[in-house]
Amino acid sequence: MNSIFNDIKSNFKTGSSFTRLLYVNLGVFLIIKILSAFGFLFKINDINHFIESYLSLPSNLSELVKRPWTLISYMFVHQDFLHILFNMAWLHFGSKLFLQYFNGKQLLSTYFLGGIFGGLIYISAFNIFPVFQDAPFINSVAIGASASVLAIFIAIATYSPNYIVNLTFIGNTFIKHIAIFLVVLDFLLIEKNNPGGHIAHLGGAIFGFLYINLLRKGIDLSVNFYTFLSYFKFSEKTKLKKVHKNRSSKNNDDLFRSKKSDKQKKINSILEKISKSGYDSLTKQEKELLFKESK
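So the number in our numbering is just where the residue sits in the sequence shown, counting from 1, plus 106.
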């Protein structure tokens, strides 16, 4: 058992930003479920109420003032196994694409800031629109990482809209089409069950779009926020000794990432050209590159 915990601790310390986000989400989920199980066994019925009161994000402003930390904590709380399964699957999918173009600190910042922005949009909507002023919405709360996950996915879709993703049963699809489908679906489902959740999702999507557009103008929102995260030891650390000892190795890694990114951009450009003008419009060099990469 000690070996397992040591492995988890080591992976958390040395792992990527995605690994840390995954571990925190899974850890919070397990702790809540363990507490709920003990509450059931000992007939302590207030466990779930305690969790809802102290970790979920309330739409009621008077309640939010009493527990402002819920603007962060809510994005790590999940209702059941399927809820966290789908969110972590999308987090893995989005993070894998995101880290092809950006670094870990930008991933973490997009996750947190996207979740915060989604939470603020949720709170604003529930205090502005008349439909949410009556029961059963008056004491609504939000939980889940969906706004954060969608912020990451929309960010990469905004940055590289013609990136091609191979979907099971569907085939090759532009990532922008997946992003548009998700946003439209959330909007259409607002009037169904869980309107607050869908509104928070849209808030996260808006942040992802704004983040990339600001980044293109030279404004990186992740810089100051990542510095803030470092105070909580959540961000990835860089050890100076390792940097000096492995300078050539680091340079090689940076060169490899740079070449990989350039090659991916060329492939995306070729695929976009095929979608517009057909395969025959490619030059000999482009056809050779595409054939080489397909192998």
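Beta carbons: idealized from backbone N, C-alpha and C, even for Gly.
Whether residue i touches residue j by CB criterion (9 Å)
| i | j | result |
| --- | --- | --- |
| residue 192 | residue 264 | no |
| residue 167 | residue 331 | no |
| residue 204 | residue 253 | no |
| residue 206 | residue 370 | yes |
| residue 289 | residue 278 | no |
| residue 124 | residue 198 | yes |
Below-9 Å beta-carbon distance, residue i vs any chain D residue
| i | result |
| --- | --- |
| residue 302 | Looking at the structure shown, chain D is missing, and only one protein chain is on hand. |
Distance between residue j and residue i (C-alpha atoms, nearest Å)
| i | j | result |
| --- | --- | --- |
| residue 347 | residue 200 | Bear in mind that a pLDDT of 41 at residue 347, under 50, signals an unreliable position, so the model cannot answer this. |
| residue 169 | residue 153 | 19 Å |
| residue 76 | residue 380 | Coverage of the chain is limited to positions 107 through 401, which leaves residue 76 absent and any answer about it impossible. |
| residue 266 | residue 373 | 12 Å |
| residue 344 | residue 230 | Confidence at residue 344 is low in this model, with a pLDDT of 46, below 50, so its placement is unreliable and the value that follows should be read with caution. Roughly 39 Å separates the two Cα atoms. |
| residue 139 | residue 133 | 10 Å |
| residue 233 | residue 165 | 7 Å |
| residue 172 | residue 239 | 20 Å |
| residue 189 | residue 135 | 10 Å |
| residue 291 | residue 143 | 35 Å |
| residue 241 | residue 383 | 55 Å |
| residue 312 | residue 298 | 21 Å |
| residue 325 | residue 109 | 44 Å |
| residue 387 | residue 393 | 10 Å |
| residue 115 | residue 151 | 32 Å |
| residue 390 | residue 334 | 50 Å |
| residue 296 | residue 137 | 31 Å |
| residue 395 | residue 329 | 36 Å |
| residue 202 | residue 159 | 34 Å |
| residue 122 | residue 174 | 28 Å |
| residue 283 | residue 117 | 35 Å |
| residue 398 | residue 276 | 24 Å |
| residue 141 | residue 184 | 14 Å |
| residue 145 | residue 368 | 54 Å |
| residue 378 | residue 243 | 45 Å |
Expected contact under 8 Å - CB spacing of residue i and residue j to nearest Å
| i | j | result |
| --- | --- | --- |
| residue 195 | residue 221 | With a Cβ gap of about 17 Å, residue 195 and residue 221 do not count as contacting. |
| residue 163 | residue 247 | 6 Å |
| residue 256 | residue 310 | 4 Å |
| residue 215 | residue 327 | 7 Å |
| residue 258 | residue 269 | That belief does not hold up - the Cβ atoms of residue 258 and residue 269 are roughly 14 Å apart, past 8 Å. |
| residue 130 | residue 182 | 6 Å |
| residue 217 | residue 127 | 6 Å |
Burial state of residue i, where buried means 16 or more other Cβ atoms lie within 10 Å
| i | result |
| --- | --- |
| residue 245 | exposed |
| residue 249 | buried |
| residue 320 | exposed |
| residue 351 | Any reading at residue 351 is ruled out, since the residue's pLDDT is 44, under 50, leaving its predicted position unreliable. |
| residue 120 | exposed |
| residue 301 | buried |
| residue 418 | Because the chain here runs from 107 to 401, residue 418 falls outside it and cannot be looked at. |
| residue 303 | buried |
| residue 92 | The requested residue 92 is not part of the displayed model; the chain covers only 107 to 401. |
| residue 306 | buried |
| residue 112 | exposed |
| residue 294 | exposed |
| residue 208 | buried |
| residue 157 | buried |
| residue 273 | exposed |
| residue 235 | exposed |
| residue 322 | exposed |
| residue 155 | exposed |
| residue 318 | buried |
*asked:* Any contact between the stretch 166-179 and the stretch 222-233? By contact I mean 3 or more CB pairs, one from each, below 8 Å.
replied: yes
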